[in-house]
Ligand code: HEC
Ligand code: HEC
């Protein structure tokens, strides 16, 4: 395939878009799940190879309106562990 000028423009635009996405991600860096007594259950379950989707259901028990609420600007609430990585993996 011959590379014409239009292809280069397309490539440049794609690069800019990707770059913007990447920077945007970095700015919204989410805290990792602390490794403390409140969260050891999660670490244990994950290390046992538990199902992430099931484990995440437990987050809401504490991180709900009643105890440790999420800030108003918090992103959509499902799938906590995709954004909040475990601070350390213990075996
Ligand atoms: C037993 C109650 C409990 C459960 C269950 C729980 N948390 Fe927490 N979490 C807390 C408390 C209390 C704090 C604040 C004090 C601390 O750091 O332990 C906290 C703090 C955090 C923080 C740190 C916030 C910051 O500003 O640094 C993150 C991230 C977090 N939890 C994510 C999760 C996720 C994700 C889950 C589910 C996989 C979860 N938590 C389950 C009680 C809980
Ligand atoms: C789309 C990514 C994403 C998902 C999914 C997500 N979070 Fe967050 N979370 C963030 C970001 C980014 C912040 C930092 C927000 C800020 O600095 O304003 C944050 C902050 C927090 C904090 C600190 C307090 C606050 O609200 O600023 C806690 C606790 C927390 N998240 C828990 C959870 C729990 C529990 C879940 C699942 C029910 C969850 N998060 C799902 C991205 C996410």
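Numbering (the working numbering), first residue to last: 783 to 873.
Even for Gly, the Cβ is constructed at its ideal location relative to N, Cα and C.
Keep in mind that this is a model prediction, so the values were computed, not measured.
- Under the three-state reduction of DSSP, residue 852 is assigned to coil, being neither helix nor strand.
- A direct Cα-Cα distance of roughly 38 Å separates residue 796 from residue 845.
- Residue 824 counts as buried, since at least 16 other C-beta atoms from the protein chains shown sit within 10 angstroms of its C-beta.
- In the three-state DSSP reduction, residue 795 falls in the helix class (H, G or I).
- Looking at the backbone, the Cα of residue 812 and that of residue 789 are separated by about 36 Å.
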